[in-house]
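Take a look at the structure set out below.
Numbering (this note's numbering), first residue to last: 72 to 254.
Written out as structure tokens, the structure reads:
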């Protein structure tokens, strides 16, 4: 049976354990948005169900904003083995008072799952979903959304935005991946 990406072993630790430890040092309202809370019951973190039946990052962002204690949420995907506090701080620092989201762009592609979102985006997200538009990129044109070119973050910044989508992503990254594990 294939191992889900959050449970892949990276340098002797599953990606989700790394992500929880990383975020636990940065935020005080840590939770996992998922359609399958039972898979994450052993991690000691609150699980928030997706708010809609449809799948996709925009629905997960919507659920996170609805569940969050604070008006702004740092979203981090569970398949990013090299998240860095410096990159997270730079994403957050790029936001002004009138900023509703900071979405990084790496090599010309938006990375909406290591980004900062404000609850003020909820009506816009709801409208997009009502129109059948599920791509987070639809938010990038909003006047209150800032796109952060990751090249502006500095040396090593791009590694934080590297996620695992294919088997080839498991080789040659900033963090060696060894085998697989689960709970």
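The beta carbon of each residue, even a glycine, is placed where N, CA and C say it ideally should be. Keep in mind the model is a prediction, meaning the values are calculated, not measured.
Straight-line Cα distance separating residue j from residue i
| i | j | result |
| --- | --- | --- |
| residue 78 | residue 140 | 27 Å |
| residue 118 | residue 182 | 23 Å |
| residue 247 | residue 82 | With a pLDDT of only 45 at residue 247, under the threshold of 50, the placement of this residue in the model should not be trusted; the figure read from the coordinates follows. Using only the alpha carbons, I get a separation of about 6 Å. |
| residue 231 | residue 110 | 25 Å |
| residue 174 | residue 137 | 19 Å |
| residue 91 | residue 162 | 18 Å |
| residue 217 | residue 169 | 10 Å |
| residue 86 | residue 154 | 10 Å |
| residue 224 | residue 99 | 24 Å |
| residue 114 | residue 84 | 13 Å |
Endpoints, the beta strand (DSSP E) within which residue i is located
| i | result |
| --- | --- |
| residue 153 | Counting along the chain, residue 153 falls outside any beta strand (DSSP E), and DSSP gives it neither H nor E. |
| residue 80 | 79 to 81 |
| residue 290 | Because the chain is modelled from 72 through 254, residue 290 falls outside the range shown and cannot be assessed. |
| residue 120 | 117 to 120 |
| residue 193 | Premise fails: residue 193 lies in the alpha helix (DSSP H), 193 to 201, not in any beta strand (DSSP E). |
| residue 232 | Note, residue 232: premise wrong, no beta strand (DSSP E); not H, not E. |
| residue 217 | 216 to 220 |
Proximal residues to residue i (C-beta, below 6 Å), its chain only, five neighbours per side dropped
| i | result |
| --- | --- |
| residue 123 | 130 |
| residue 235 | 76, 150 |
| residue 134 | 104, 119, 121, 122 |
Reference residue i; option with closest CA among the options
| i | options | result |
| --- | --- | --- |
| residue 101 | 149, 206, 204, 125 | 149 |
| residue 94 | 195, 207, 116, 200 | 116 |
| residue 107 | 126, 154, 193, 198 | 126 |
| residue 187 | 201, 222, 160 | 160 |
| residue 178 | 222, 201, 89 | 222 |
Under 8 Å between C-beta atoms of residue i and residue j
| i | j | result |
| --- | --- | --- |
| residue 219 | residue 165 | yes |
| residue 189 | residue 142 | yes |
| residue 156 | residue 199 | no |
| residue 192 | residue 172 | yes |
| residue 152 | residue 207 | no |
Residue i: first and last residue of the uninterrupted alpha helix (DSSP H) it sits in
| i | result |
| --- | --- |
| residue 103 | Not the alpha helix (DSSP H): residue 103 falls in the beta strand (DSSP E), residues 102 to 105. |
| residue 133 | 128 to 138 |
Close beta carbons around residue i, own chain, < 7 Å, minus the five adjacent residues each side
| i | result |
| --- | --- |
| residue 209 | 199 |
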